[in-house]
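Numbering (our numbering), first residue to last: 3 to 292.
Quick look at the structure:
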């Protein structure tokens, strides 16, 4: 399996994407995931945000990442919520722009998702019907570019297994898959191991995220997603579930990326997470692909 990380880890330390590449090289990590920005932002332009804008040339970036840092994309995040009324207007064009960009950047996957809460002014069935039409449009393009469109476990619909099952059947396409998230499934009150087992055949990318004991006590079962987990992987109440999920992935032959998501704290917390991940893979007799 591959070990990677989401550049969200460096949001609160106001690092640039370049700084994330430098961290990856220094720590012998070769797979990276970031958010895509559709437009310009002063905080991004000044180098205080660790994500990539769609105006940046994807082929030149791919070549520089490989040549200078030995790093490639595991996934890019184009996860504007598709479940609300504005999903077709803003979310769908965003994903459609991201697909050719990802192809040129050598990125195999794009993350998409729903909103954190029940969409205002829509019934569950209405929102599901709308998302189905959106994903049908998106998958037509994804199939042409041969890019996986992954539904991330993150929101009101995707953290409910019965709803997620329907979403993963929106399109009869091998290019529609799942981004499993160990932290979001747990904080929503689900069992991450049972969740991963149920959707094992659809998993194309994995977010590894632990949860602190205090956060779990405060919001578990009443939230659907964690923006950033202020807990190193292996130090929280979800660590045993993470180990079991990785074991399950090993047993089904998953050879994709385990993308770490945690507060980086400028480096130390994600470095602690990386050490735990490498130790755990070694204990489970899983080779780290670099």
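Glycine included, every Cβ here is placed at the ideal spot set by N, Cα and C.
{"Query": "Where the beta strand (DSSP E) through residue 130 begins and ends", "Result": "Counting along the chain, residue 130 falls outside any beta strand (DSSP E), though it belongs to the alpha helix (DSSP H) covering 126–147."}
{"Query": "Same chain, Cβ closer than 7 Å to residue 19, five either side skipped, listed in chain order", "Result": "9, 36, 52, 53 and 54"}
{"Query": "Terminal residues of the alpha helix (DSSP H) in which residue 24 lies", "Result": "19–28"}
{"Query": "The stretch 166–179 / the stretch 88–98 touching (three or more Cβ pairs under 8 Å)", "Result": "no"}
{"Query": "Length of the line joining the Cα atoms of residue 1 and residue 149", "Result": "Only positions 3 to 292 of the chain appear in this structure, which leaves residue 1 out of reach."}
{"Query": "Simplified DSSP state of residue 182, which is helix, strand or coil", "Result": "strand"}
{"Query": "Close beta carbons around residue 194, own chain, < 6 Å, minus the five adjacent residues each side", "Result": "184, 187, 188, 243 and 247"}
{"Query": "Alpha-carbon to alpha-carbon, residue 228 and residue 178", "Result": "23 Å"}
{"Query": "Alpha helix (DSSP H) segment containing residue 271, residue limits", "Result": "270–285"}
{"Query": "Straight-line gap, residue 274 to residue 50 (C-alpha atoms, nearest Å)", "Result": "23 Å"}
{"Query": "Assigned exposure category for residue 151 - 16 Cβ within 10 Å defines buried", "Result": "buried"}
{"Query": "Beta-bridge partners of residue 77, as assigned by DSSP", "Result": "35"}
{"Query": "Whole-number beta carbon distance between residue 276 and residue 5, since they are thought to touch under 8 Å", "Result": "7 Å"}
{"Query": "Where residue 164 sits in the DSSP three-state scheme", "Result": "helix"}
{"Query": "Assumed close pair residue 133, residue 84 - CB separation to whole angstroms, cut-off 8 Å", "Result": "5 Å"}
{"Query": "Alpha-carbon spacing of residue 125 relative to residue 285, whole angstroms", "Result": "47 Å"}
{"Query": "Residue 263 classed as buried or exposed, judged by whether at least 16 other C-beta atoms fall within 10 angstroms", "Result": "buried"}
{"Query": "Of the listed residues 67, 207, 145 and 39, nearest to residue 31 (C-alpha basis)", "Result": "67"}
{"Query": "Burial state of residue 86 (16 or more Cβ within 10 Å)", "Result": "buried"}
{"Query": "Cα-Cα separation, residue 64 to residue 257", "Result": "22 Å"}
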